[in-house]
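In the working numbering, the protein residues as written are 126 to 819.
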């Protein structure tokens, strides 16, 4: 019989805190029932008397840590162990006591409020508080529980309050007049000085923009704002001149750039000051009347001719005299000179436009009383062209004419060049010299475009009569005075094909007597060719003549009989070559016939690849060896070999039977069978027992 139990937190009594009692109507008080408690904190925080059902709190509880506990109770018969009641659930709630004081979330709070602000949660106690008077404030805030009644707890915290700035102060110049000075030679952009207007505000509220509002120097000076220091920098915008003006007065204005409309009633947020600038006199160098001079002179001008004048003067009030000179580093050849007193330039040496069309010199002006004060100016001198060069051929022409040329054919188109440059452009004329005005072989046609064509005047030209023609051509220009020159064109007579392509221009074809015709020359060449063919056939028949055998035997096997007129190649040359073939590689080599086989034909010719006349002998031999090695039908044959090419030593030494009388009769020749099919006959002759006995 229960619903909820209530328990105070933070109990500090001497005994355990009594929570409540569990009881069932089945309990007769005879001790047969047993009470059991389970759930949150059972056995540790909450202890039950199993006989009486009394529940006590064994420890001090904290509601802020856990505010309620859910437990379950059972009543069990000790003898049978059965539950006499269904398991029941109950709650123990912890009653709160005032055991915690109020705490702020931070130990220190920082707040800001614009100056001149109205009331708020933390509000100003004084009206129109000024940041410029005091910026930082510190207050202590206390919080109490229980509505501030007795017995309640409290906590405190610190709040730092900063008054933020607003633009409620205009800029003010600390003085009304500023004085600066500058030498008249100061370059543009030079800073003359700095001025600053004070503003009690901070940050962007103190940003100032400076300007020149009026004054007689507004077009000569300028003022810019230094964003870091909020100062106004006065600079020179126009070159100063002490002789023209010695003192300037400027009205400079300083104004805030970020205005707050709430404080317009406090007055205009700008201020003005007067700036005076005095100009100091400086001894200045001479000044030329122009920034540069450009002069022109004809290239045929005589020495001493004045081509122009430069003028400079002292800008100072003293007006010192000026002396002129030419910077010789710009006129190393000393072509020009100048009058030191008046600046007149004149020529000292002849001019040549074709060599140097422009001259760039420098003239120096120096004060007579103060040589340190000097200035210089560039002078550009253009040399005007005079027609003093004759035109000439544009290049060397290699001209030719075909022997079979027809009259009126174009031989060569020529053009001309001229070193002069007339203002209206070049105009050239071409014609033959008077002595060749009517040339029997060629004519000159002016194309009216600064070119001319060389044409033939007759049909056919002969190299035997004239192999080269010299044609003089006169070239005129169209300028004043007219200039002309004579160029000689060399025309060679050449043999050409039907299309006009040059074949040869040499005269060696005329070596034979002039009386021989073309048919006679062809007949002579045919006779020479027939004689050569007969000689070759005779030599071939002689080599094919049948020779008597030196040895007659059953197998008709023999060694080559070789005549050595020079050191030979040993056994590498067992199949030798006719030296006549080496001397005439183009001759066809006849096939060698076996002495023991009747040939099918008397003259069996083997076709060989044609060889050039200049083929190397070693390459020829290698090619012939390769042909015979690849010919499976060619049997071994005897031949008479003449060695004109030194071969390599044979690793097998000599196999010739001519030396067999000096050798040991019991020599072993079994290794011959390993040398392949080419040495099969030798292996049969010397390798077997029968051959040894023979």
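The C-beta atom is built at its ideal place from N, Cα and C for all residues, glycine as well.
As summarised for the segment 407-457, the continuous beta strand (DSSP E) elements at least 3 residues long and confined to that stretch are 418-423, 431-434 and 447-451, given in chain order. Under the Cβ criterion (8 Å, minimum of three pairs), the segment 536-544 does not count as touching the segment 490-502. Between the alpha carbons of residue 532 and residue 586 lies a distance of about 10 Å.
Assignment of residue 472 by DSSP, reduced to helix, strand and coil, places it in the strand class. DSSP places residue 395 in the strand class (E or B) of the three-state scheme.
The beta carbon of residue 580 sits closer than 7 Å to the beta carbons of 533, 534, 535, 536, 567, 568 and 570 from its chain, once the five residues preceding and following it are set aside; these are given in chain order. Uninterrupted beta strand (DSSP E) stretches at least 3 residues long and entirely within the segment 163-196 occur at 171-173 and 179-182, given in chain order. In the structure shown, residue 601 falls within a strand segment according to DSSP collapsed to helix, strand and coil. The shortest CA-to-CA distance from residue 162 to any of 215, 140 and 190 is the one to 215. Assignment of residue 557 by DSSP, reduced to helix, strand and coil, places it in the strand class.
Bounds of the alpha helix (DSSP H) holding residue 744 are 742-754.
Straight-line measurement puts the Cα of residue 309 at about 5 Å from the Cα of residue 366.
When Cβ pairs closer than 8 Å are counted between the two stretches, the segment 458-477 is seen to touch the segment 417-424, the count reaching three or more. Contact annotation: residue 471 and residue 431 have beta-carbon atoms nearer than 8 Å. Closest in alpha carbon position to residue 267, among 226, 210, 304 and 287, is 226. For residue 500, DSSP records a beta bridge to 490.
Following the DSSP letters along the chain, one finds residue 383 in no beta strand (DSSP E), marked with neither H nor E. By the Cβ rule, the segment 310-320 counts as touching the segment 342-360, because three or more pairs are nearer than 8 Å. In this structure, DSSP gives residue 144 an extended state, which the three-state scheme calls strand. In the displayed model, residue 318 falls within a strand according to three-state DSSP. Using a Cβ distance threshold of 8 Å, residue 552 and residue 603 count as a contacting pair.
Per DSSP, the continuous beta strand (DSSP E) segment holding residue 350 begins and ends at 346-351. The continuous beta strand (DSSP E) containing residue 335 extends over residues 333-340. Straight across, the Cα-Cα distance linking residue 175 with residue 190 is about 29 Å. Residue 749 has its alpha-carbon roughly 30 Å from the corresponding atom of residue 794. The Cβ neighbour count for residue 143, taken over all protein chains shown within 10 Å, is under 16; the residue is labelled exposed. DSSP places residue 572 in the coil class of the three-state scheme, outside both helix and strand. Within its own chain, the residues whose Cβ lies closer than 7 Å to the Cβ of residue 301, once the five positions on either side in sequence are excluded, are 398 and 399, listed in chain order. Beta-carbon to beta-carbon, residue 337 and residue 375 are separated by about 5 Å, close enough to satisfy the 8 Å threshold. Only residues of its own chain outside the window of five on either side were considered, and among them none has a CB closer than 6 Å to the CB of residue 137. With 16 or more other CB atoms across the displayed protein chains lying within 10 angstroms of its CB, residue 411 is buried. Cβ atoms of residue 186 and residue 132 come within 8 Å of each other, at about 6 Å.
With fewer than 16 neighbouring CB atoms inside 10 Å of its own CB, residue 652 falls in the exposed class. For the pair residue 454 and residue 547, the Cα-to-Cα distance works out to about 32 Å.
A Cβ-Cβ distance of about 5 Å is found for the pair residue 379 and residue 296, placing them in contact under the 8 Å criterion.
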